[in-house]
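Novice: Going by the UniProt record's numbering, the first residue of the sequence shown is number 1, and it counts up by one from there.
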Amino acid sequence: MLRISVLRLLGRSGASRVSLLQDSGPRHYGSSSLGARDDAREARAYFTTPIFYVNAAPHIGHLYSALLADALCRYRRLRLPSTAATRFSTGTDEHGLKIQQAAASAGVAPTELCDRVSAQFQQLFREAGISSTDFIRTTEARHRVAVQHFWEVLEDRGLLYKGLYEGWYCASDECFLPEAKVTQQLGPSGDLCPVSLESGHPVSWTKEENYIFRLSQFREPLQRWLRGDPQAITPEPFHHAVLQWLEEELPDLSVSRRSSHLHWGIPVPGDDSQTIYVWLDALVNYLTVIGYPNAEFESWWPVTSHIIGKDILKFHAIYWPALLLGAGMSPPHRIYVHSHWTVCGQKMSKSLGNVVDPKTCLDRYTVDGFRYFLLRQGVPNWDCDYYDEKVVRLLDSELADALGGLLNRCTANRINPSGTYPVFCTTCFPREPGLMGPSIRAQTEDYDLVSAVATLPKQVADHYDNFQIYKALEAVSSCVRQTNGFLQRHAPWKLNWESPVDAPWLGTVLHVALECLRVFGTLLQPVTPSLADKLLSRLGVSATERGLGQLYFLPRFYGRPCPFEGRRLGPETGLLFPRLDQSRAWLVKAHRT
Ligand code: MSP
1 MLRISVLRLL GRSGASRVSL LQDSGPRHYG SSSLGARDDA REARAYFTTP IFYVNAAPHI
61 GHLYSALLAD ALCRYRRLRL PSTAATRFST GTDEHGLKIQ QAAASAGVAP TELCDRVSAQ
121 FQQLFREAGI SSTDFIRTTE ARHRVAVQHF WEVLEDRGLL YKGLYEGWYC ASDECFLPEA
181 KVTQQLGPSG DLCPVSLESG HPVSWTKEEN YIFRLSQFRE PLQRWLRGDP QAITPEPFHH
241 AVLQWLEEEL PDLSVSRRSS HLHWGIPVPG DDSQTIYVWL DALVNYLTVI GYPNAEFESW
301 WPVTSHIIGK DILKFHAIYW PALLLGAGMS PPHRIYVHSH WTVCGQKMSK SLGNVVDPKT
361 CLDRYTVDGF RYFLLRQGVP NWDCDYYDEK VVRLLDSELA DALGGLLNRC TANRINPSGT
421 YPVFCTTCFP REPGLMGPSI RAQTEDYDLV SAVATLPKQV ADHYDNFQIY KALEAVSSCV
481 RQTNGFLQRH APWKLNWESP VDAPWLGTVL HVALECLRVF GTLLQPVTPS LADKLLSRLG
541 VSATERGLGQ LYFLPRFYGR PCPFEGRRLG PETGLLFPRL DQSRAWLVKA HRT
């Protein structure tokens, strides 16, 4: 049971605030100024990851959240000219009961725990190539200023009151739970303990006087926002889930705790006996990064995209937009939601001892290999299962054999002795399919390949837009297979450069395959930046020729000049991606266990 009784009202009355919100609705989501806002959105974008709890070391789920944001961000940089500004923030969530308790049980001061684990996240993200522009720690002074200012705005707008809060609190999830979301489970000592139905984490009964936010007033504004912007939460099933939640009444939300109980946090301005609820504190990080409360934040705020895991959807899709509306701001532009990684079918947890260490994975599979695996296999709509053999199988087949093999097949000295991008012969491969003639060598399947690769950038763009990065990679991988099929079909290794009949066709086959590789390398940059760089460098593609704006596939086929024709390939620098299965001793061990 969750009971709130109002003791004291602060600021203006709630009723006047409701009408204010209804009036201001269309200003935020109306279409009148859409054109201008879209332009602003193209010129700037602000991506965020959740900020990570520092109670334990990072695991692969955390890295996955950060990688999704990184790939979106890198993709945008590739798509737009350098004048478009992209900001990308990540960081650590360091306050709250969870951290206070973790520090106490480790016998260290909270600051010591925070410094240590925050540094681990920073190092991991550096190693994994997370291209963030900002890293925030909620224990920083700039953040305290932002949170206290945000609090005062809510207070001035009459959206906070003091009341008695009584209900269940889950310290692990840092959230209040209604009775219906609590169940009993056998604890370690054989007694029945109350736990959260959703997370299985222990809960405890709390009864205290807190500050309470008038969340209940925001149900309709939130519904209007979501109904007016069907892509606000992507993928769609999560958007739908939030609208379903909003079918029910929204209870007001307790936004502070007694300082005697929770001292590790930011004090309520003007009332040291209360500490600000850690989720309010944490969510404001997105504003702190862009300079809030200084006016500069306004040029970044409307273009914000949050990347989050499904477990924190309610906080980002209900509490946060309501708090923002309450403070007179618009909800975030997009909330991209992903599901979770399990390990051998089980939830990852310290108590089960099955937490996968991302650093070990980056060492074993290489940075690009592991980035590729997580993004190729991670499906936002569903949970995905992790096991080592799956990584090895995927990377060996898609990066080492298919992509690496393809590169090798068209650059190896014995097949391409001149070490150049050969000339494309329009007589051998005319633009019009189905023509007959002695010099025409292209077959129907070859036209299918050209059309598949020509439309690949658009497909990839759509998948990124829909936050289905794995589908973008699946589409690339399928084209890689098709290109290998093309080489297999025409067996350039059986053709002879010395023969005037073979030579133009041999050059054309290699030219087409190299063009396909150039497209694949360009499109893979957001996911496997070093591997893509190695591939493009081997093809002789310069740094200024790697953007999506310059990606004209097979221009000679379409009647335009090709800047690569006749150009020297880049130097040979070894295998694109060495196979993993024979070379790693640890794998033998993993097979045995
Ligand atoms: N501190 C809060 C977020 C505050 S944001 C204002 C938090 N931290 S967390 O460390 O628990 O989780 C951070 C992110 O990692 C979340 O997006 C969460 O969904 C994600 N993951 C945690 N475990 C995960 C998996 N097993 N798999 C994939 N992502 C996972 O929540």
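Here a beta-carbon is modelled for each residue, glycine too, at the ideal position from N, C-alpha and C.
Note that the coordinates shown come from a computational prediction; the quantities given were computed from them, not determined experimentally.
Which of helix, strand or coil does DSSP assign to Trp301?
Specialist: One-based indexing of the sequence shown puts residue 301 at position 301. Note: Trp301 maps to helix in three-state DSSP.
Novice: Is Met329 near ligand 1, judged by its Cβ being under 7 Å from some heavy atom?
Specialist: Counting from 1 along the sequence shown, the entry for residue 329 is found at position 329. Incorrect: Met329 has no Cβ contact closer than 7 Å to ligand 1.
Novice: I'd like to know whether the C-beta atoms of His333 and Ser305 end up nearer to each other than 8 Å.
Specialist: As a position in the sequence shown, residue 333 is number 333, starting the count at 1. As a position in the sequence shown, residue 305 is number 305, starting the count at 1. Result yes, Cβ atoms of His333 and Ser305 sit closer than 8 Å.
Novice: Threshold first: 4 residues or longer. Then list the alpha helix (DSSP H) segments lying entirely within the region 511-552, N to C.
Specialist: 529-539
Novice: By Cβ distance below 7 Å, which residues in the same chain neighbour Thr528 in space, the five residues on each side in sequence not counted?
Specialist: As a first step, residue 528 is located in the sequence shown; it is residue number 528 there, counting from the start. Cβ within range, chain order: Asp368, Arg371 and Tyr372.
Novice: On the premise that Arg74 lies in contact with Pro526, defined as a C-beta separation below 8 Å, what is that separation, rounded to the nearest angstrom?
Specialist: Taking the first residue of the sequence shown as 1, we reach residue 526 at position 526. Taking the first residue of the sequence shown as 1, we reach residue 74 at position 74. Rounded, the Cβ-Cβ distance is 4 Å, consistent with contact.
Novice: Looking at ligand 1, does it come within less than 7 Å of Met348, judged from the CB to the closest heavy atom?
Specialist: The residue given as residue 348 occupies position 348 in the sequence shown. Yes, the beta carbon of Met348 sits closer than 7 Å to at least one heavy atom of ligand 1.
Novice: Would you kindly work out how many angstroms separate the C-alpha atoms of Val284 and Arg393, rounded to a whole number?
Specialist: Looking up residue 284 in the sequence shown gives position 284. Looking up residue 393 in the sequence shown gives position 393. About 42 Å.
Novice: CA-CA distance, Gly291 and Arg142?
Specialist: Position 291 of the sequence shown, counting from 1, holds the residue named residue 291. Position 142 of the sequence shown, counting from 1, holds the residue named residue 142. Going from the Cα of Gly291 to the Cα of Arg142 covers about 9 Å.
Novice: So who's on the other strand from Leu192, going by DSSP bridges?
Specialist: One-based indexing of the sequence shown puts residue 192 at position 192. Beta-bridge pairing links Leu192 to Leu186.
Novice: Taking the continuous beta strand (DSSP E) assigned at Asp134, which residues delimit it?
Specialist: Position 134 of the sequence shown, counting from 1, holds the residue named residue 134. Counting along the chain, the beta strand (DSSP E) containing Asp134 begins and ends at Asp134 to Arg137.
Novice: Just the C-alpha distance for Leu531 and Val541, rounded to the nearest angstrom, thanks.
Specialist: To locate residue 531, count along the sequence shown from 1; it is residue 531. To locate residue 541, count along the sequence shown from 1; it is residue 541. So the alpha carbons of these two residues sit roughly 14 Å apart.
Novice: Return helix, strand or coil for Thr342, following the three-state DSSP convention.
Specialist: As a working note, residue 342 is residue 342 in the sequence shown. In the three-state reduction of the DSSP assignment, Thr342 falls in the strand class.
Novice: Decide if the region 335-342 is in contact with the region 297-314; the criterion is three or more beta carbon pairs, one per stretch, under 8 Å apart.
Specialist: The region 335-342 is in contact with the region 297-314.
Novice: Report the residue from Leu177, Gln231 and His240 whose alpha carbon sits nearest the alpha carbon of Ile251.
Specialist: In the sequence shown, residue 251 corresponds to position 251, counting from 1. Note that residue 251 is Pro in the sequence shown here, rather than Ile. Ranking the options by Cα distance to Pro251, first place goes to Leu177.
Novice: Please name the residue or residues paired with Trp168 in a DSSP beta bridge.
Specialist: Position 168 of the sequence shown, counted from the first residue, corresponds to residue 168. DSSP lists Leu177 and Trp205 as partners of Trp168.
Novice: Quick one: is the Cβ of His62 within less than 7 Å of any heavy atom of ligand 1?
Specialist: As a working mapping, residue 62 is identified with position 62 in the sequence shown. For ligand 1, at least one heavy atom lies less than 7 Å from the Cβ of His62.
Novice: Under a three-way DSSP split, which group does Ile266 fall into?
Specialist: One-based indexing of the sequence shown puts residue 266 at position 266. Ile266 falls in the coil class under three-state DSSP.
Novice: List the endpoints of the continuous alpha helix (DSSP H) containing Arg431.
Specialist: Here the question's residue 431 lines up with position 431 in the sequence shown. Careful: Arg431 lies outside any alpha helix (DSSP H) and carries neither H nor E.
Novice: As an exercise, report each continuous alpha helix (DSSP H) stretch of at least 4 residues that is fully enclosed by the region 425-487, in chain order.
Specialist: 444-465
Novice: Could you check the C-alpha separation between Leu375 and His261 for me, to the nearest Å?
Specialist: In the sequence shown, the residue the question calls residue 375 occupies position 375. In the sequence shown, the residue the question calls residue 261 occupies position 261. Distance between the alpha carbons of Leu375 and His261 is about 41 Å.
Novice: Does the distance between the C-beta of residue 609 and the nearest non-hydrogen atom of ligand 1 fall short of 7 Å?
Specialist: Given that the chain is displayed from residue 1 to residue 593, the structure contains no residue 609 and the question cannot be resolved.
Novice: Evaluate contact between the region 93-111 and the region 398-406, counting only Cβ atoms and requiring at least three cross-stretch pairs below 8 Å.
Specialist: no
Novice: Let's test the definition: count the other Cβ atoms within 10 Å of the Cβ of Ser13 and tell me whether it reaches 16, buried, or not, exposed.
Specialist: As a working mapping, residue 13 is identified with position 13 in the sequence shown. The predicted position of Ser13 is uncertain, since its pLDDT is 28 and thus under 50; a value taken from the coordinates is nonetheless stated next. It counts as exposed.
Novice: Identify every run of the alpha helix (DSSP H) within the region 221-294, keeping only runs that are complete inside it and at least 4 residues long; order them along the chain.
Specialist: 236-245, 278-283 and 285-289
Novice: Can you give me the start and stop residues for the alpha helix (DSSP H) that Ser118 sits inside?
Specialist: For the purposes of this step, residue 118 is taken as the residue at position 118 of the sequence shown. Element bounds for Ser118: Pro110 to Glu127.
Novice: Provide the residue span of the alpha helix (DSSP H) that contains residue 596, from first to last.
Specialist: This structure leaves residue 596 out entirely; the chain is present only between 1 and 593.
Novice: Look at the alpha carbon of Pro26 and the alpha carbon of Glu298, and state the distance between them as a whole number of angstroms.
Specialist: The sequence position of residue 26 within the sequence shown is 26, counting from 1. The sequence position of residue 298 within the sequence shown is 298, counting from 1. With a pLDDT of 26 at Pro26, under the threshold of 50, the predicted position of this residue should be treated as unreliable, and no value is reported.
Novice: Measuring only the C-alpha atoms, how far is Asn210 from Ser189?
Specialist: Start at 1 with the first residue of the sequence shown, and residue 210 comes out as number 210. Start at 1 with the first residue of the sequence shown, and residue 189 comes out as number 189. Taking the straight line joining both Cα atoms gives about 33 Å.
Novice: Where does Asp93 fall in DSSP's three states?
Specialist: Position 93 of the sequence shown, counted from the first residue, corresponds to residue 93. In the structure shown, Asp93 sits in a strand (DSSP, three-state: E or B).
Novice: Need the endpoints of the alpha helix (DSSP H) that Ile60 sits in, please.
Specialist: For the purposes of this step, residue 60 is taken as residue 60 along the sequence shown, with counting starting at 1. Membership of Ile60 in the alpha helix (DSSP H) is indicated by the continuous run Ile60 to Arg79.
Novice: Do Thr426 and Arg556 count as a contact pair if the criterion is CB distance below 8 Å?
Specialist: Mapped onto the sequence shown, residue 556 falls at position 556. Mapped onto the sequence shown, residue 426 falls at position 426. Contact check for Arg556 against Thr426 passes: the beta carbons are separated by less than 8 Å.
Novice: Check whether the region 197-207 and the region 158-170 are in contact - that is, three or more C-beta pairs closer than 8 Å.
Specialist: Put simply, the region 197-207 touches the region 158-170. At least three CB pairs are less than 8 Å apart.
Novice: Quick check: Val195 and Thr183, are their CB atoms within less than 8 Å of each other?
Specialist: Residue mapping note: residue 195 aligns to position 195 of the sequence shown, counting from 1. Residue mapping note: residue 183 aligns to position 183 of the sequence shown, counting from 1. Yes; because the gap between Cβ atoms is below 8 Å, this pair is in contact.
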